[in-house]
Ligand code: SAH
């Protein structure tokens, strides 16, 4: 077991005119000094002998040389120290002496001795991106740096310089932060960056100034975007949903929306959980309406973020009717609804030439005997049923399907936490699934599939653990392939 990697606080240091000590005079020290000099730090290098390039820096006066072996007195007045010798004992003495004096120390390639880490870094003009693994996985940080290097083109640097140059004008003309953000979005949507890519700085600057002037009198108009967050796996969010989350001022989200998706939203967007769970109504619907209205009227960009898709058992329709009645602008971004995601992640094709020519999405929420649902229709074969909110109603749904004539041996599958790391799939038949669900203590959110296609999960599953509920004696301890084979044999 190695030591756990600490959580580090990222910071960018202003080292102008501050003494910084580098211990060591070889090539590693040279690279550290080269990285320090552009910051304007006052660099001292302590070593008995110097690499010729470092010696040249000393000769021209940009670096001070402390001659000899490390002496703790070298730390006097120093803000930061980097130990870059090839002698572990010397490096350790530097780290200990620095620790005693509360001076931040980095020991090259020895994370446990470091009180600060030097991240992998990408520079684009005034923009710096630093990546750290806390010293725990430097190769991974380096890999990410290489990828970002190729993805972030150089025009970002020139754009950064332009924005710095006109910073005062931007602040003076567009004092409101919300308006400034909209201005900035307009900059990113404009062709300023492609002008910069072509090297046409003059046109880019001209276009930027025009945008600054145009932004001055923009009055904020709030809008609401009804965005489907998908079932949990953040990879299933749409690109448009992601863009809106990055522009949002306020995010009103359900409990079903995963933390992974919320993490993608703009850092300083206000997040308000208005989650509803069957039985526990956290925030009443009227209050959700009132919150949307309040923030939209305040000129905010509101994202109403719902699990799955907002128009499938999500009350999205009611919310839009309300917004329309109050004259608030809106847009709708669909999401991957739980039935599609759970089917995909469990290996259950919802339609199949041999087994199902139609699929129905049903909510099994209503408790009453006379719930108005088409049970006789549900009992017909050659179709797949996807029941939302299936856990508490499971027994009743299975019993009613059997009572209306669907065969008790009809395959079904429950998918709990579909698409999430903790996903479980339980495969059974209409008559044994309720007992299996109890035995495995299935919890919400879970989705119930009924129909021949549900049995295909045994062979086609690919995500997470193999389905539960199938005869253990033939499947225990087998690989997924052998497991599917054994089941096919047994069938
Ligand atoms: N608008 C949502 C559905 C909301 S109703 C959508 O389009 O997906 C809530 C029900 O959806 C839950 O009770 C459950 O049956 C289902 N559900 C949502 N996310 C799920 C998930 N990750 N895994 C399994 N079922 C899920």
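Residue numbers (our numbering): 168 to 658.
Where is the CB? At the ideal position from N, CA and C, for every residue including glycine.
Residue i Cβ short of 7 Å to the ligand ATP heavy atom set
i: residue 612; result: The model depicted lacks the ligand ATP and carries the ligand SAH instead.
Integer Cβ distance of residue i from residue j, believed to fall under 8 Å
i: residue 674; j: residue 623; result: With the chain covering only 168 through 658, there is no way to say anything about residue 674.
i: residue 272; j: residue 248; result: 5 Å
i: residue 546; j: residue 573; result: 4 Å
i: residue 389; j: residue 463; result: 4 Å
i: residue 324; j: residue 292; result: 3 Å
i: residue 275; j: residue 195; result: 6 Å
i: residue 627; j: residue 508; result: Rounded, the Cβ-Cβ distance is 15 Å, inconsistent with contact.
i: residue 280; j: residue 333; result: Going by Cβ atoms, the distance from residue 280 to residue 333 rounds to 44 Å, so no, they are not a contact pair.
i: residue 610; j: residue 564; result: Contact doesn't hold; Cβ gap of about 17 Å is too wide.
i: residue 518; j: residue 555; result: In fact, because the Cβ distance is near 18 Å, the residues do not count as touching under 8 Å.
i: residue 592; j: residue 580; result: 6 Å
i: residue 359; j: residue 326; result: 7 Å
i: residue 220; j: residue 197; result: 5 Å
i: residue 238; j: residue 209; result: With a Cβ gap of about 18 Å, residue 238 and residue 209 do not count as contacting.
8 Å Cβ cutoff met for residue i and residue j
i: residue 597; j: residue 568; result: yes
i: residue 578; j: residue 539; result: no
i: residue 112; j: residue 235; result: This structure gives no information on residue 112, because the portion of the chain shown stretches from 168 to 658.
i: residue 550; j: residue 576; result: no
i: residue 371; j: residue 319; result: no
i: residue 322; j: residue 269; result: no
i: residue 594; j: residue 625; result: yes
i: residue 175; j: residue 301; result: yes
i: residue 211; j: residue 171; result: no
i: residue 527; j: residue 552; result: yes
i: residue 242; j: residue 265; result: yes
i: residue 582; j: residue 522; result: no
i: residue 180; j: residue 207; result: no
i: residue 199; j: residue 251; result: yes
i: residue 407; j: residue 500; result: yes
i: residue 442; j: residue 468; result: no
i: residue 378; j: residue 357; result: yes
i: residue 308; j: residue 287; result: yes
i: residue 486; j: residue 459; result: yes
i: residue 382; j: residue 399; result: no
i: residue 134; j: residue 229; result: An answer regarding residue 134 cannot be provided, because it is not within the stretch 168 to 658 covered by the chain.
i: residue 452; j: residue 482; result: yes
i: residue 427; j: residue 401; result: yes
DSSP bridge partner residues for residue i (one or two, in chain order)
i: residue 190; result: 213 and 250
i: residue 581; result: 593 and 615
i: residue 263; result: None, per the DSSP bridge assignment.
i: residue 391; result: 469 and 497
i: residue 271; result: 247
i: residue 397; result: 475
i: residue 553; result: 528 and 616
i: residue 297; result: 288
i: residue 418; result: 438 and 470
i: residue 153; result: Not covered by the structure: residue 153. The range shown for the chain is 168 to 658.
i: residue 635; result: 593
### Message
Report the start-end ranges of each beta strand (DSSP E) in the segment 345–387 that is 3 residues or longer and not cut off at the edges.
### Response
For the segment 345–387, not a single whole beta strand (DSSP E) run of length 3 or above is found.
### Task
Report yes or no: do the segment 187–196 and the segment 249–258 share at least 3 C-beta pairs separated by less than 8 Å?
Yes, the segment 187–196 is in contact with the segment 249–258.
### Query
For the 8 Å Cβ check, are there 3 or more pairs between the segment 484–503 and the segment 434–441?
They do not touch, by the three-pair rule.
### Task
Give, in chain order, every unbroken run of the beta strand (DSSP E) that is at least 3 residues long and sits entirely within the segment 299–345.
Fully enclosed beta strand (DSSP E) runs of 3 or longer: not present.
#### Entry: Segment contact, 8 Å Cβ cut-off, at least three pairs: the segment 597–606 with the segment 395–412
Counting Cβ pairs under 8 Å, fewer than three are found: no touch.
### Query
Can you give, in chain order, each stretch of the alpha helix (DSSP H) that sits fully within the segment 466–531 and has at least 4 residues?
Qualifying alpha helix (DSSP H) stretches, in chain order: 483–492 and 505–513.
### Query
Touch check for the segment 289–300 and the segment 334–342: three-plus C-beta pairs under 8 Å?
Not touching, per the Cβ criterion.
#### Entry: Cβ pair count under 8 Å reaching 3, the segment 624–638 against the segment 578–593
Result yes; three or more Cβ-Cβ pairs closer than 8 Å.
### contact_flag[the segment 472–485, the segment 387–403] where n(CB pairs < 8 Å) is 3 or more
By the C-beta criterion, the segment 472–485 is judged to be in contact with the segment 387–403, since at least 3 inter-stretch pairs fall below 8 Å.
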